[in-house]
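K.L.:
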Amino acid sequence: MYLVLLSGADNSGKTTILNNLAELLSSDEEGHIIEKHQINAHYDDYEYTIIFRGKTIVICTHGDFRSELEAHCKKFGGKCDLLICATRTEFIKINVTVPEQYDKMTTIVQISKSEKDIKKRNADVADYLVGIIRLRLDL
Numbered sequence: 407m408y409l410v411l412l413s414g415a416d417n418s419g420k421t422t423i424l425n426n427l428a429e430l431l432s433s434d435e436e437g438h439i440i441e442k443h444q445i446n447a448h449y450d451d452y453e454y455t456i457i458f459r460g461k462t463i464v465i466c467t468h469g470d471f472r473s474e475l476e477a478h479c480k481k482f483g484g485k486c487d488l489l490i491c492a493t494r495t496e497f498i499k500i501n502v503t504v505p506e507q508y509d510k511m512t513t514i515v516q517i518s519k520s521e522k523d524i525k526k527r528n529a530d531v532a533d534y535l536v537g538i539i540r541l542r543l544d545l
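In structure tokens form, the structure reads like this:
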């Protein structure tokens, strides 16, 4: 299983980008959401299970804290081809957070708060993540 982390500060757009990514993958003729449930009623956080071109992808928009990221790795480890999580975990601490079995299979995408054309930036990052998915899963 591959792990992709979208790392950024609070309110930097991680959740929006990952929700956009889920829509993007499910709008492909070979992609569909098979499960979606809200994680946190006060925010737009979801766990998605998506079949995309025959591969199972799980997207967790909520994973800001180290304990949540570790819980997602434990919950979905071995149950999907690719796990994508949001995290606020500081870049330097991610190696401590990511379970050892994912160490060499982890891609980290770092984003920052942006004042300029946030919608375009979010769309660009979602497209970039689709490229990572295709690369990691040989699609």
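Each residue of the sequence shown is one higher than the one before, starting from 407 at the first, in this note's numbering. The C-beta atom is built at its ideal place from N, Cα and C for all residues, glycine as well.
1. State the beta-bridge partners of Asn446 as determined by DSSP.
2. Quick one: what's Phe471 bridged to in DSSP?
3. Under 8 Å by Cβ, that's how I've got His468 and Ile445 pegged, so tell me the actual separation to the nearest angstrom.
4. Could you work out which residue in Leu475, Ser413, Ile463 and Glu476 is closest to Leu489 when comparing CA atoms only?
5. Where does the unbroken alpha helix (DSSP H) through Ser413 begin, and where does it stop?
6. Can the beta-carbon of Leu412 be found less than 8 Å from the beta-carbon of Val515?
7. Given a cut-off of 8 Å on the beta-carbon distance, is the pair Lys526 and Ala415 in contact?
8. Using three-state DSSP, classify Leu543 as helix, strand or coil.
9. How would you write the range of the alpha helix (DSSP H) that Lys461 sits in, first residue to last?
10. Kindly list the residues whose CB is nearer than 7 Å to the CB of Val502, restricted to its own chain and excluding five residues on each side of it in sequence; keep chain order.
11. Roughly how many angstroms lie between the CA atoms of Lys522 and Gly437, to the nearest whole one?
P.N.:
With the given structure in hand:
1. Within the sequence shown, the letter at position 40 stands for residue 446. In DSSP, Asn446 forms a bridge with Asp451.
2. One-based indexing of the sequence shown puts residue 471 at position 65. Phe471 is not bridged to any residue.
3. For this step, residue 468 is matched to residue 62 along the sequence shown. For this step, residue 445 is matched to residue 39 along the sequence shown. Going by Cβ atoms, the distance from His468 to Ile445 rounds to 4 Å, so yes, they are a contact pair.
4. Within the sequence shown, residue 489 is the residue found at index 83, counting from 1. Measuring from the Cα of Leu489, the nearest candidate turns out to be Ile463.
5. Taking the sequence shown and counting its residues from 1, the one referred to as residue 413 is at position 7. Looking at the DSSP string, Ser413 is not in any alpha helix (DSSP H); the run it does join, the beta strand (DSSP E), is Tyr408 to Ser413.
6. Position 6 of the sequence shown, counting from 1, holds the residue named residue 412. Position 109 of the sequence shown, counting from 1, holds the residue named residue 515. Contact: yes.
7. The count along the sequence shown starts at 1 and reaches residue 526 at position 120. The count along the sequence shown starts at 1 and reaches residue 415 at position 9. The answer is no: Cβ separation not under 8 Å.
8. In the sequence shown, counting from the first residue as 1, residue 543 sits at position 137. In this structure, Leu543 counts as coil in the three-state DSSP scheme.
9. Numbered from its first residue, the sequence shown carries residue 461 at position 55. Per DSSP, Lys461 belongs to no alpha helix (DSSP H); it is in the beta strand (DSSP E), Lys461 to Cys466.
10. To locate residue 502, count along the sequence shown from 1; it is residue 96. Low confidence applies to Val502: its pLDDT is 49, below 50, so where it sits in the model is not reliable enough to give any reading.
11. Counting from 1 along the sequence shown, the entry for residue 522 is found at position 116. Counting from 1 along the sequence shown, the entry for residue 437 is found at position 31. Their Cα atoms are separated by approximately 31 Å.
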